[in-house]
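In my numbering, the protein residues as written are 321 to 522.
So this is what it looks like as structure tokens:
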């Protein structure tokens with residue numbers, strides 16, 4: 321339902337229809353039963369874009385909520401469970417790639433978070449094989465700046481559907497990091513391009 325997923329789905333569907341690459345594209349959505357998720361708006365957006373989407377229903381939110389410690393942000397645990405379910409669905413249905421909508425801003429923030437707080441150089445990778453399944457996660461939008469995705473969304477009159485849980489758990493580290501990156505732009509206006517070339521060579 322997010323802007324990144326919508327652009328990714330639109331792009332992959334268009335590329336599959338061109339026929340110059342031999343691949344089958346399926347759109348899947350994992351309903352994790354988060355309270356307050358705008359399902360009606362999500363279904364309306366699918367209909368508007370003409371997407372045929374398989375919805376997987378798993379109540380992972382109850383599991384995540386039970387394991388949360390006071391003050392802990394659920395996004396990392398929720399994301400790990402989501403990727404595991406999606407990887408398994410792909411393997412069971414004969415798909416060997418799982419495409420996710422991470423963009424360049426995600427890559428820059430993740431790299432700096434890992435550097436400053438995790439004490440390791442661990443950027444988002446364009447392709448990451450699963451450990452126990454014949455599925456590789458790919459990130460086709462990894463070199464695309466978020467601003468371009470926002471512009472595409474606005475140009476097509478699409479209102480992103482945010483995760484209601486994430487909005488209720490502000491990530492202070494990521495918020496502070498965004499402020500740091502904004503400050504770096506005073507020194508290097510094209511900071512995202514500089515980090516992109518450092519991480520990915522282009």
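Idealized CB from N, CA, C, for every residue including glycine.
In chain order, 345, 419 and 460 place their CB closer than 8 Å to the CB of residue 332, counting only its own chain and leaving out the 5 sequence neighbours on each side.
Boundaries of the alpha helix (DSSP H) harbouring residue 473: 466–475, taken from the DSSP string.
A buried status is given to residue 384, since no fewer than 16 other beta-carbon atoms sit within 10 Å of its beta-carbon. The DSSP assignment places 359–369 as complete runs of the alpha helix (DSSP H) inside the stretch 353–379, in order along the chain (cut-off: 4 residues).
Within the DSSP bridge table, the entry for residue 449 names 456 as partners. Under the Cβ criterion (8 Å, minimum of three pairs), the stretch 495–513 does not count as touching the stretch 333–352. For residue 381, the closest of 463, 360 and 486 by C-alpha to C-alpha distance is 486. Across the set 473, 463 and 508, the C-alpha of 463 shows the shortest separation from the C-alpha of residue 521. For residue 351, the three-state secondary structure derived from DSSP is strand.
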